[in-house]
Amino acid sequence: MRILYPFILSLLSFITSCSRPRELTFMVGGSPNELLYWEKVIGEFHEKTGINVKLIRQPTDTDQRRQGIVIALRSKSRDPDVFLMDVVWVGAIASSGWLEPLDSYIERDNLDLNKFFSRVVDEVDRYRGNVMALPVYVDGGLLYYRKDLLRKYGYTNPPETWEELLQIAKKVQARERQKNKNFWGFVWQGAMYEGLICTFLEFSSSFGGGIATDSTGRIVVNIPQNVEALQFMQDLIHTYKISPPNTYTELKEEEVRLIFDEGNALLERNWPYAWGLHEKNPELKNKVGITKLPHKKGKRSASTLGGWHIGISRFSDVKNEAWEFVKFVTSYEKQRDFALNLGWNPGRVDVYADTVIEKTAPHLVLLKDVFENAVARPSLPYYSGVSQILQKHLNSALSLSETPQEALEKAQDEIDEFIKKYED
Amino acid sequence: MKIKKNGEIRTAYFYISPLLTIILLFILIPIVGTFINSLYRDITYLPSRFTGFTNYADLIKLSDFWNSLKFTTLFTAVSVSLETVLGISFALLLKEVFTGRSFLRTILLIPWAIPTAISARLWQLMYNYNYGLLNYFLDVTHTGAKVNWLGTAHGAFWAITIADVWKTTPFMTLILLAGLQTIPDELYEQAMVDNATMWKRFLYITLPLLRPALVVALIFRTADALRIFDLVYVLTGGGPAGSTRTVSILGFHYFINGDFGTGSAVSIIIFLLVFIFSFLYIRAWRFKETL
Amino acid sequence: MKEVYVKKILIVVGTIFFTLFVLAPVIWMLFVSLTKDLGFLQGGGVNLTLSNYVNIISNKNLHMLDYLKNSIIISTTVSFLVIIIAGFGAYAITRFNFPGKFTIPLMMLAISIFPQISIAGYLFKIESNLRLINTYPALIFPYTAWTAPLALWILISYFSQIPRELDEAALVDGASRKNILLKIIFPLSTPGLISAFLIVFIACINELLFALLLTTDYRAQTISVGITLFQGLHGEIPWGELMASASLVTVPLIILTLFLQKYIISGLTRGGVKG
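Structure representation (structure tokens):
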């Protein structure tokens, strides 16, 4: 008799897990305030369409978000039905055959693709000609600065070149340190994760370098301009000491934002999302400005194309409902709401001309131009492998374990070796 | 007593079959499957192709792989040594009769009972540069500068080792205590009559007779340390800069990045590693036994 | 004479070190779980509050209670299954003579040191194809196979202490093998069964690798995964809330362990030393 109990138990659990009701599951991560906002969005969607959406909450960390999505998709699981992807994964996920092509839905509902940033759609969302995802928001790295502190020390404008930044940050940090031991001139993301690639791409491009794919498809990272840029990044921490020592161990988006938010930094490199949060901070309201990132004298400013896109799983059992959600999230109204509430830059170009936006978030209009010219990371199926190799060596240089020259040489060798495996 | 021999065997198999079946399905087949998988180029977005031992050849060329191996074996050596020393010490302590002994025996199991993931996050907090307990003490008692535990390769190594030792010493202690309890008291009494010092008694009575329990504990602990995953994943994720990437984490990364072929190759290598070590231990033991 | 002193000192020092070693982290965990923020370490005041606990339980999107529920259901099911399966196996091994009587336990011993990663990859493939990912069976089956060897050794150790004469006597009286197992062996080895149950239960709650790879969301993820991925509601890692969720899991486990330690200890040592 006693034997039967456990068998019944396991049988029951088997049964109950197999017969899950059909519901729309949406997997998304992000910073805490973003997730809270998604809950609102889901509520609004339910009111409008009557469709119930289950929110599957992911961590803030980008790599962990990718891990969650990849495991789910690779297992051909029916959930999640719709999810957000970082701009760099769209290529990999699409080429793995995990995304539902959206062209037929777009045609059926007469969605005008031209309303979105066409460069973004073509370079990121298209795979073999088909549209596999749509932009929810576009991102680019920005320089945040304390208007009040600059004024206090006699500067009218934020730095435009790295040389200017160095000079201004050193002076302000030295003076502010007299009262506040924890004050830093310039904080940016240097921990070993995807964000480091974004930061590096900006520094290196602004030095005249970058991460390029040459005509043979080879990814080139080891060029003198990149070495110079990496050296500069290293020096910010160890030589000029205007960036904290835990830059390369702990600093990611939220950590950097908090340092600035707590009044402990003059300059911050971060994504646009931080704007709304800084403005909400009573201590910082009206004291924060944003502008393009600095560049080396004679070169051009660069901003890494970021952003998140929404896609439908090929294994979803509620694709039509999922498409309704996609339409909702990329609609004019919702895109405007995201901009006003979360400081996200809409993936839809038409929202930038909106009058409410112009009044309450005028900075967004300024940035439209930045985003149209942002630098993209390579869109490859095996990007994550390349990224990890590069991350490792960049971080190693920042921690002084390798010289910038060594780091980039080794990275180049390993990347070349790595790619060989993916050639057919 | 051996009535109906054939029927007996059939009944025996009936009773052992559920165990054999589930082991076959969920352990043996996966291991063989992993090995076969390691012989293919199996990457999500590319067609699968039989490549023989190419995955292994490629791994051997990778500095990442050797760093992983180095770290794993170094960690194992240090961690297991520390656990053993602590384990013996605690076991000796618990063998003595004194007030409070039962209290100690009671709390001994606490680190073992706490799920690894949880204790890892707990230690993560204690190692935090700004808010960690350890740095707080170093700072406040001026014994040293704050250590960037999780931010440097060196610090991270010790961070992981200390956390691992904390978690597994109870198990070591228990096994060794049980071993100690099999040593007859008369031997000690005899030695004391012969005026042997505490240290001599330890060296010539305790250690030799503890050997069987020691070997068992060492085999399990070494195998566990070589294949460690949970603690490292949560505490450092293999960082900083991949310096604490144990072989298990290396394999895991390959799987997450869609490269099941190489991931499987790494898995098989870990498998062989664990077994070679165990085999070596047993051989060493066999020799000593005959002495 | 001197030796007695040395011994006394060693015992005192040893006890203090031992206690600190074992308890300090746990006490710290509980303490932090009751604080709002860690500012007090840098000179601020200490604010004690229960709000962390309230937050993690009441916020549905954190799914803490879901993770706990999953862990408990999975671990209990596995423990029961393992007792049955390993019990049957131990019965066969201690009571019958058959080819494999000696090799099977040794094989089980070898299996218990298999690296999980070596199995996880292929297991993922199998379960994906069977559409089992992110369900309870996804973890129940591997866990059962994974913990069965240890349970087998523990139960072999207990069963072999029950004299075979009891079996013989019952057989002569006409009892079936099944009844002997259920009505004689199992009751007599209850401490062993409890041991095995507890050790398997704790091992399941502990497990991380399979849970990370074979489950994708709160409907099947265990508390180990939940706490690993926990990034909370506000700002950077919310230590207070994290420690609160850690305490929620740990305190019951510790209480369980403390009360039933007799069983756990004998199970571990018998399973271990016998090897």
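Protein chains in written order, with our numbering: chain A, 5 to 428; chain B, 56 to 346; chain C, 11 to 285.
Each residue gets a CB set at the ideal place from its N, CA and C atoms; glycine is no exception.
Note down, in chain order, each residue of its chain lying with its Cβ closer than 7 Å to the Cβ of residue i, except the 5 sequence neighbours on either side.
i, result
"S85 of chain C", "F211, C214, I215"
"R176 of chain B", "V289"
"Y244 of chain A", "L170, K174"
"Y141 of chain A", "G311, W312, F342, W348, N349, P350, G351"
"E3 of chain A", "Because chain A in this structure spans residues 5 to 428, residue 3 of chain A falls outside the shown range and cannot be described."
"A365 of chain A", "A343, L344"
"S400 of chain A", "E406, A411"
"N144 of chain C", "T225, T226, D227, R229, A230"
Are residue i and residue j close, meaning C-beta to C-beta below 8 Å?
i, j, result
"A172 of chain B", "I37 of chain C", "no"
"S128 of chain C", "S136 of chain B", "no"
"A438 of chain A", "Y387 of chain A", "Since the first and last residues shown for chain A are 5 and 428, residue 438 of chain A lies out of range."
"G306 of chain A", "E206 of chain A", "What sits at residue 306 of chain A in the sequence shown is Ala, not Gly. Cβ distance < 8 Å, so A306 of chain A and E206 of chain A count as in contact."
"S303 of chain B", "I325 of chain B", "yes"
"Q271 of chain C", "T161 of chain B", "yes"
"R181 of chain A", "F190 of chain A", "no"
"T224 of chain B", "E138 of chain B", "yes"
"P166 of chain B", "W221 of chain B", "yes"
"L265 of chain B", "L231 of chain B", "yes"
"I46 of chain A", "E328 of chain A", "no"
"A185 of chain C", "Y70 of chain B", "no"
"F211 of chain A", "Q229 of chain A", "yes"
"V92 of chain C", "A161 of chain C", "yes"
"F300 of chain C", "I86 of chain B", "Residue 300 of chain C falls outside the range modelled here, since chain C spans only 11 to 285, and no answer is possible."
So, at 6 Å on beta carbons, what are the nonlocal neighbours of residue i in its own chain, with the 5 sequence-adjacent residues on each side left out?
i, result
"I423 of chain A", "none"
"G214 of chain A", "S208"
"L78 of chain C", "I233"
"L398 of chain A", "L200, F204"
Residue i versus chain B: which residues are under 7 Å apart at the beta carbon?
i, result
"R150 of chain A", "None at all; the shortest Cβ gap to chain B is about 22 Å."
"G389 of chain A", "N312"
May I ask which residues mark the beginning and end of the beta strand (DSSP E) holding residue i?
i, result
"N274 of chain A", "269-274"
"T29 of chain A", "28-32"
"K58 of chain A", "57-61"
"V86 of chain A", "86-90"
"Y149 of chain A", "146-150"
"V202 of chain B", "From DSSP, V202 of chain B is part of no beta strand (DSSP E); its letter is neither H nor E."
"I195 of chain C", "From DSSP, I195 of chain C is part of no beta strand (DSSP E); its letter is neither H nor E."
What are the boundary residues of the alpha helix (DSSP H) that residue i is part of?
i, result
"V261 of chain C", "249-269"
"V231 of chain A", "228-242"
"V14 of chain C", "12-43"
"I82 of chain B", "Where I82 of chain B is concerned, there is no enclosing alpha helix (DSSP H), given that its DSSP letter is neither H nor E."
"W254 of chain B", "253-256"
"I165 of chain B", "165-168"
"W163 of chain C", "146-169"
"G97 of chain C", "74-105"
"G95 of chain A", "94-99"
Just confirm the distance between the C-beta atoms of residue i and residue j, as a whole number of angstroms; I'd bet it's less than 8 Å.
i, j, result
"D227 of chain C", "D83 of chain A", "7 Å"
"Y132 of chain C", "N92 of chain B", "6 Å"
"L163 of chain B", "T228 of chain B", "6 Å"
"G24 of chain C", "I164 of chain C", "Actually they are not in contact, since the Cβ atoms of G24 of chain C and I164 of chain C sit about 30 Å apart, beyond 8 Å."
"S122 of chain C", "K80 of chain A", "Contact flag wrong, Cβ pair sits at about 32 Å."
"A278 of chain B", "S333 of chain B", "6 Å"
"G267 of chain A", "L346 of chain A", "That belief does not hold up - the Cβ atoms of G267 of chain A and L346 of chain A are roughly 23 Å apart, past 8 Å."
Excluding the 5 residues preceding and the 5 following residue i in the sequence, name in chain order all residues of the same chain whose CB lies nearer than 8 Å to its CB.
i, result
"L243 of chain C", "Residue placement at L243 of chain C cannot be trusted, given a pLDDT of 42 that sits under 50; what the coordinates show is reported in the next sentence. Excluding positions up to five away in sequence, the list reads N65, N69, L72, E251."
"D417 of chain A", "none"
"K323 of chain A", "D85, E104, I316"
"V42 of chain C", "L48, W249, G250, M253"
"I275 of chain C", "none"
Given that residue i touches chain C, what residues does it touch there, using C-beta distances under 7 Å?
i, result
"G72 of chain A", "T226"
"Q68 of chain A", "L239"
Just to make sure I have the definition right: I need the residues of chain B whose C-beta is within less than 8 Å of the C-beta of residue i. Which are they?
i, result
"A155 of chain C", "I77, I78, L80, F81, I82"
"R141 of chain C", "Here the premise fails: no neighbours, minimum Cβ distance about 17 Å."
Give the interface partners of residue i over in chain B, defined as CB-CB distance under 9 Å, in chain order.
i, result
"P125 of chain C", "A278, L281, R282, F284, V302, S303, G306, S322, I325, F326, L328, V329"
Which residues in chain C have a C-beta closer than 8 Å to the C-beta of residue i? List them in chain order.
i, result
"E63 of chain B", "F106, N107, F108"
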